[in-house]
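Chemist: Structure incoming, see below.
Residue numbers (the working numbering): 38 to 389.
As structure tokens, then:
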């Protein structure tokens with residue numbers, strides 16, 4: 038079967054991973070009125086039978102880091118049910134399995150960390166850059182073809198959940214990062230979704246970062262998150278039962294026109310990003326093991342690391358470390374440092 042016929046049969050994942058076969062895209066519709074467009078390898082657009090002023094445009098992406106396979110498996114199960122007419126979303130939906138070549142190689146990326154390539158279009162000198170460029174184009178097409186074109190008025194209708202898995206232990210099994218944006222992208226509805234999904238914590242970024250979710254938030258005002266769901270494992274070895282609350286919340290989001298539930302400021306732990314440590318030289322090193330768990334807390338004054346003559350100490354009140362990685366390329370983020378924050382729980386979530 039062609040890639041198109043396999044996707045029609047519900048085999049979105051296997052068709053995406055069959056990179057040696059010629060890609061064949063196309064459009065089709067179910068008797069229910071739900072329509073599909075296979076736009077690129079790993080990019081499936083789904084339109085509901087009817088569209089109204091309340092219809093959201095929701096992107097759910099996975100595999101931006103190829104070896105983070107739990108979310109990929111979740112998307113396969115969801116897409117199969119939609120493709121077979123067993124589950125019917127009421128919102129526009131773009132499902133993405135981003136980097137099949139890296140997934141097949143059991144690695145995060147091939148040449149460059151793709152989740153640092155969304156600041157702008159890249160010179161296409163490697164496959165990671167080529168895919169990042171394609172994904173930017175697909176996001177542009179998806180949001181620009183929605184009925185709500187104005188970024189300011191349509192921010193509550195645009196969502197992007199970029200799903201990942203952590204490569205290390207963590208004090209929080211599930212957590213999310215809310216990218217910085219000049220638009221109102223931290224709605225109460227988004228935080229209510231996180232609580233319903235049993236996501237334990239969320240980090241509020243204060244500066245731009247060229248990630249996939251940041252692209253949607255910064256350019257289109259989308260309610261966007263980078264979501265860390267569990268631990269890295271090979272395809273077929275993920276315990277998806279541990280992500281059942283997230284799966285249930287996602288399905289509720291896709292089938293509900295209105296979200297009556299409101300976040301009251303409890304349960305979900307909110308962190309503010311106090312600093313981003315950037316690797317400036319090859320001498321950069323941490324003063325703790327490279328395998329240190331996410332959200333490990335360091336009391337005020339602890340030496341966290343150094344880069345030649347520059348030393349980094351934890352600030353007043355102490356700081357917790359997230360995503361520590363001394364092996365990143367020069368100029369890239371070596372870790373985030375965070376503190377718990379008190380926030381308002383009004384229409385937009387803000388640090389008090």
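Just so it is clear, CB atoms sit at the ideal spot from N, CA and C, and this is done for glycine as well.
Just so you know, these numbers come straight off a predicted model, no measurement behind them.
Excluding the 5 residues preceding and the 5 following residue 337 in the sequence, name in chain order all residues of the same chain whose CB lies nearer than 7 Å to its CB.
Modeler: Within the same chain, residue 337 has close Cβ partners 351, 352, 353, 354 and 355.
Chemist: Is DSSP giving residue 276 helix, strand or coil here?
Modeler: Coil, per DSSP.
Chemist: Spatial neighbours of residue 339 within its chain, please: C-beta separation below 7 Å, excluding the five flanking residues on both sides.
Modeler: Excluding positions up to five away in sequence, the list reads 350 and 351.
Chemist: Around the C-beta of residue 367, are 16 or more other C-beta atoms found within 10 angstroms, so that it is buried, or is it exposed?
Modeler: Answer is exposed; the Cβ neighbour count stays below 16.
Chemist: Below 7 Å CB to CB, which residues in the same chain sit around residue 230 once its five sequence neighbours on both sides are set aside?
Modeler: So the qualifying residues of the chain are 286 and 290.
Chemist: Report yes if the C-beta distance between residue 281 and residue 263 is below 8 Å; otherwise report no.
Modeler: Their beta carbons are not under 8 Å apart, which means residue 281 does not touch residue 263 by this criterion.
Chemist: Please list, in chain order, all residues of the same chain as residue 194 whose beta carbon is under 8 Å from its beta carbon, the five residues on each side excluded.
Modeler: Excluding positions up to five away in sequence, the list reads 91, 92, 93, 94, 183 and 185.
Chemist: Quick check on residue 292: does DSSP put it in helix, strand or coil?
Modeler: Helix.
Chemist: Buried or exposed: where does residue 70 fall if 16 or more other Cβ atoms within 10 Å of its Cβ makes it buried?
Modeler: By the neighbour-count rule (16 or more Cβ atoms within 10 Å), residue 70 is not buried but exposed.
Chemist: What is the DSSP secondary structure of residue 309, counted as helix, strand or coil?
Modeler: DSSP places residue 309 in strand when its eight states are reduced to three.
Chemist: Looking at residue 181 and the ligand GTP, is the gap between the Cβ and the nearest heavy atom below 7 Å?
Modeler: Only the bare structure without any ligand can be found here, which leaves the ligand GTP out of the picture.
Chemist: Using three-state DSSP, classify residue 349 as helix, strand or coil.
Modeler: Looking at residue 349 - three-state DSSP - the assignment turns out to be strand.
Chemist: Pick from 43, 63 and 151: whose alpha carbon is nearest that of residue 165?
Modeler: Out of 43, 63 and 151, 151 has the C-alpha closest to the C-alpha of residue 165.
Chemist: Given that a residue counts as buried once 16 or more other Cβ atoms are within 10 Å of its Cβ, and exposed if not, what is residue 107?
Modeler: The residue is buried, with at least 16 neighbouring Cβ atoms inside 10 Å.
Chemist: Within this structure, are the beta carbons of residue 103 and residue 52 separated by less than 8 Å?
Modeler: Not in contact: residue 103 and residue 52 (Cβ atoms no closer than 8 Å).
Chemist: Looking only at its chain, what residues have a beta carbon closer than 7 Å to the beta carbon of residue 244, apart from the 5 residues adjacent to it on each side?
Modeler: Answer for residue 244: 217 and 313, listed in chain order.
Chemist: Mapping the DSSP letters down to three states, classify residue 387 as helix, strand or coil.
Modeler: Of the three classes helix, strand and coil, the one that applies to residue 387 here is coil, per DSSP.
Chemist: Report back the beta-carbon spacing between residue 210 and residue 267 to the nearest angstrom; my notes put them in contact at under 8 Å.
Modeler: With a Cβ gap of about 6 Å, residue 210 and residue 267 count as contacting.
Chemist: Going by the DSSP bridge assignment, what does residue 241 pair with across the sheet?
Modeler: Paired residues: 215 and 309.
Chemist: Taking 8 Å as the threshold (C-beta atoms), are residue 359 and residue 380 in contact?
Modeler: No, the pair does not count as a contact, with Cβ atoms beyond the cut-off.
Chemist: According to DSSP, residue 94 sits in a beta bridge with which residue or residues?
Modeler: DSSP, once it has assigned bridges, lists 129 and 195 as partnering residue 94.
Chemist: Buried or exposed: where does residue 173 fall if 16 or more other Cβ atoms within 10 Å of its Cβ makes it buried?
Modeler: By the neighbour-count rule (16 or more Cβ atoms within 10 Å), residue 173 is buried.
Chemist: Closer than 8 Å is the cut-off here; do at least three beta carbon pairs connect the stretch 63-77 with the stretch 152-162?
Modeler: Contact between the stretch 63-77 and the stretch 152-162 is absent, because fewer than three Cβ pairs lie under 8 Å.
Chemist: When the Cα of residue 382 is compared with those of 298, 128 and 261, which residue comes out closest?
Modeler: The residue with the shortest Cα to Cα distance from residue 382 is 298.
Chemist: Enumerate in chain order the residues of its own chain whose CB-to-CB distance from residue 409 is below 6 Å, with the five nearest sequence positions on each side excluded.
Modeler: Outside the displayed range of the chain (38 to 389) lies residue 409, so it cannot be described from this structure.
Chemist: When you compare each of 326, 387 and 122 to residue 364 by their alpha carbons, which one comes out closest?
Modeler: The candidate whose alpha carbon is nearest that of residue 364 is 326.
Chemist: On the DSSP letters alone, give me the boundaries of the alpha helix (DSSP H) that residue 123 sits inside.
Modeler: Element bounds for residue 123: n/a, residue is neither H nor E.
Chemist: If you count every other CB in all the chains shown that lies within 10 Å of the CB of residue 65, and 16 or more means buried, which is it?
Modeler: Under this definition residue 65 is an exposed residue.
Chemist: Skipping 5 residues on each side, what residues in its chain have a beta carbon closer than 7 Å to that of residue 58?
Modeler: Correct list, in chain order: 40.
Chemist: Would you mind sorting residue 121 into buried or exposed? The rule is 16 or more other CB atoms within 10 Å of its CB.
Modeler: With fewer than 16 Cβ atoms within 10 Å of its Cβ, residue 121 is classed as exposed.
Chemist: Using a Cβ-Cβ cut-off of 7 Å (strictly less than) and excluding sequence neighbours within five positions of residue 324, which residues of its own chain qualify?
Modeler: Here the set comprises 340, 341 and 342.
Chemist: Measuring only the C-alpha atoms, how far is residue 316 from residue 139?
Modeler: Between residue 316 and residue 139, the C-alpha separation is close to 24 Å.
Chemist: Name the DSSP bridge partner or partners of residue 162?
Modeler: Bridge partners of residue 162: none, in fact.
Chemist: Would you call residue 304 buried or exposed, if buried means 16 or more other Cβ atoms sit within 10 Å of its Cβ?
Modeler: Label assigned to residue 304: exposed.
Chemist: If you draw a straight line from the C-alpha of residue 232 to the C-alpha of residue 293, how long is it?
Modeler: Approximately 16 Å between the Cα atoms of the pair.
Chemist: Please tell me whether residue 212 and residue 265 are closer than 8 Å, where the distance is taken between their beta carbons.
Modeler: Yes.
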